[in-house]
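Peer 1: The structure that follows is given in the form of structure tokens.
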Amino acid sequence: MLKLFGYSFISLAGQPNYIQKKALNNIPESIQTVEKALNLDVQSIPYAEGKPIKTYHAYSFYEWFGRFIAHPGIEQYGDRFCDEIASFEKIPDTKQDIKDGSFVHTFRGHDRKLFLAEQGNEGRWVFLLHADFFNVEGNQIRGKTRSTGITSLVCLNLPLSMCNDPAWIFIPGLIQGKSEPDAKNSEHCHYWRLLIDKFSAGYLRGLQPRHTY
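Quick note: the sequence shown uses the working numbering, first residue -9, plus one each step.
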């Protein structure tokens, strides 16, 4: 991703010079190269349906969430968010925060109880799914077009100062170009099916991390 951004940025001013080419060539080609260099154990899941033209590499939400909730204070932020929702006597007419929206007050769990306000002794978490696409060839007039997409999950239980911090954002995967999937024909569904299946299982039966802080 960094190399793609680098080429896109440099192409705005024309072709890269020798120093710029050398710097770009030193950027690792893949996440696997970085993992090997830093001795990390982040595993991607090759995912495809039928006879695919290309393979989509996804990352395990459960594995990420286990690490996420093990950080100091994260579990407390989650419970505090639910407690604040439960403290509302009615849904505010003036919307200034995610907690003022009707969804977090009315959404129900599989047991038909209010998902957040009646959490009991369970942790309840809310995520925002976002996707955006950019032209890795640079935005030049009559230039090449190759649209690559990135999807992200933002945890809405966290304070605003934290939830948009890249350190706490989950990246399910990258959607390779060259064309952006047509949202009108629900072409994104194939890429998100693996993630939604995990969310569905978590919603119906929950999950229990081995350790929290």
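Even glycine gets a Cβ: it sits at the ideal position worked out from N, Cα and C. Fair warning: this is a prediction, and the values are worked out from it, not measured in the lab.
Nearest to Q198 by alpha carbon, out of D172, D187, I59, E108?
Peer 2: The option with the nearest alpha carbon to Q198 is I59.
Peer 1: From the DSSP output, read off the bridge partner residues of T138.
Peer 2: According to DSSP, T138 bridges with F124.
Peer 1: Provide the residue span of the beta strand (DSSP E) that contains I161, from first to last.
Peer 2: I161 -> beta strand (DSSP E) spans 160 to 165.
Peer 1: If I follow the unbroken alpha helix (DSSP H) through A191, where does it start and stop?
Peer 2: That run of the alpha helix (DSSP H) goes 179 to 195.
Peer 1: Look at the alpha carbon of F93 and the alpha carbon of W182, and state the distance between them as a whole number of angstroms.
Peer 2: Their backbone Cα atoms lie some 22 Å apart in a straight line.
Peer 1: Can you tell me whether DSSP reads P36 as helix, strand or coil?
Peer 2: Correct three-state label for P36: strand.
Peer 1: Can the beta-carbon of F204 be found less than 9 Å from the beta-carbon of F117?
Peer 2: The question about residue 204 has no answer, for the chain in this structure spans -9 to 203.
Peer 1: Taking DSSP as the reference, what is the three-state secondary structure of H95?
Peer 2: Here H95 sits in helix by DSSP.
Peer 1: In chain order, what residues of the same chain lie with their CB nearer than 7 Å to the CB of G91, ignoring the 5 residues before and after it?
Peer 2: So the list reads K85, once near-sequence residues are dropped.
Peer 1: So that I know if they touch, is there some Cβ in chain B lying closer than 9 Å to that of Q198?
Peer 2: Reference to chain B is not applicable here, since this structure consists of a single protein chain.
Peer 1: Using a Cβ-Cβ cutoff of less than 6 Å, which residues in the same chain neighbour G63 once the five nearest sequence positions on both sides are dropped?
Peer 2: Correct list: empty, nothing qualifies.
Peer 1: Using the Cα positions of K174 and T96, report the straight-line distance between them to the nearest angstrom.
Peer 2: Rounded to whole angstroms, K174 to T96 spans 28 Å at the Cα level.
Peer 1: Please classify N29: does DSSP put it in a helix, a strand, or coil?
Peer 2: Unreliable placement is indicated for N29, whose pLDDT of 48 sits below 50; the coordinate value is still reported in the next sentence. Coil, per DSSP.
Peer 1: Could you give the residue range of the beta strand (DSSP E) that holds A48?
Peer 2: First-last of the beta strand (DSSP E) with A48: 46 to 49.
Peer 1: Does DSSP classify F71 as helix, strand or coil?
Peer 2: Of the three classes helix, strand and coil, the one that applies to F71 here is helix, per DSSP.
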